[in-house]
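Student:
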Amino acid sequence: MNQNFMARAIELSIENVRSGRGGPFGAVVVKNGRIVAEAANRVTVSNDPTAHAEVVAIREACGRLGQFELRDCEIYASCEPCPMCLGAIYWARLERIYFASVADDASKVGFDDSFLYRELNLPMAQRRVPMVQMMRGEALLAFKLWRDKPDKITY
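Residue numbers (the numbering used here): 45 to 199.
(1) Can you list, in chain order, the residues of its chain with a C-beta nearer than 7 Å to that of valine 169? Leave out the 5 residues immediately preceding and following it.
(2) Given a threshold of 16 other Cβ atoms within 10 Å of its Cβ, counted over all protein chains shown, does alanine 84 qualify as buried or as exposed?
(3) Using CA atoms only, rank isn't needed, just tell me which of Trp135, Asp157, Arg180 and Asp92 is closest to glutamate 124.
(4) Please state the DSSP three-state secondary structure of arginine 140.
(5) Taking C-beta to C-beta, are alanine 121 and alanine 97 nearer than 9 Å?
(6) To the nearest angstrom, how far is the alpha carbon of arginine 140 from that of phenylalanine 187?
(7) Are at least three pairs of beta-carbons, each pair with one atom in the segment 67 to 87 and one in the segment 100 to 119, less than 8 Å apart?
(8) Report yes if the C-beta distance between arginine 52 and arginine 65 is below 9 Å; otherwise report no.
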């Protein structure tokens, strides 16, 4: 745990708001006591709803390190990660998450992710964006091919 890394994540979030480039979120990925990547929220400037600070920092860290896993890294985020970012952090296999403000703080200024948690508990057909399964049999071929592929890179 390093306050300088958290201070940088917070600084990125503040700079992002002041510059008008995006929302109040910043993140840094750290490996062996050094910042590998840092990012601020880029949703509105990139027209990409997945460009949250944590996701952008993970993408940049993976690119710089030339690997798709960050097992030996930690992430410092200016706010508790949303469900999407948390998923990305788990998929990237970061060792630890440090965060400053909490989801409730973000909710109070319009960034309310609680509906996502409620949606996940609903049956698929009752969600705001209904999910309809189709062509499962055809799709299973990709999994069979993957299972039998001798030279696959597992992740």
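We put the beta carbon where it would ideally sit given N, CA and C, even for glycine. Just so we're clear, the structure is a prediction, and the values are computed from it rather than from any experiment.
Tutor: Looking at the atomic coordinates:
(1) As a working note, residue 169 is residue 125 in the sequence shown. Note that residue 169 is alanine in the sequence shown here, rather than valine. There are no such residues.
(2) Working through the sequence shown from its first residue, we reach residue 84 at position 40. Alanine 84 should be labelled buried.
(3) The sequence position of residue 124 within the sequence shown is 80, counting from 1. If we check each option's Cα against that of glutamate 124, Asp157 comes out closest.
(4) Here residue 140 refers to the residue found at position 96 of the sequence shown. Correct three-state label for arginine 140: strand.
(5) The sequence position of residue 121 within the sequence shown is 77, counting from 1. The sequence position of residue 97 within the sequence shown is 53, counting from 1. Their beta carbons are under 9 Å apart, which means alanine 121 touches alanine 97 by this criterion.
(6) By 1-based counting over the sequence shown, the position of residue 140 is 96. By 1-based counting over the sequence shown, the position of residue 187 is 143. Roughly 31 Å separates the two Cα atoms.
(7) yes
(8) Against the sequence shown, residue 52 aligns to sequence position 8. Against the sequence shown, residue 65 aligns to sequence position 21. Not closer than 9 Å, so no.
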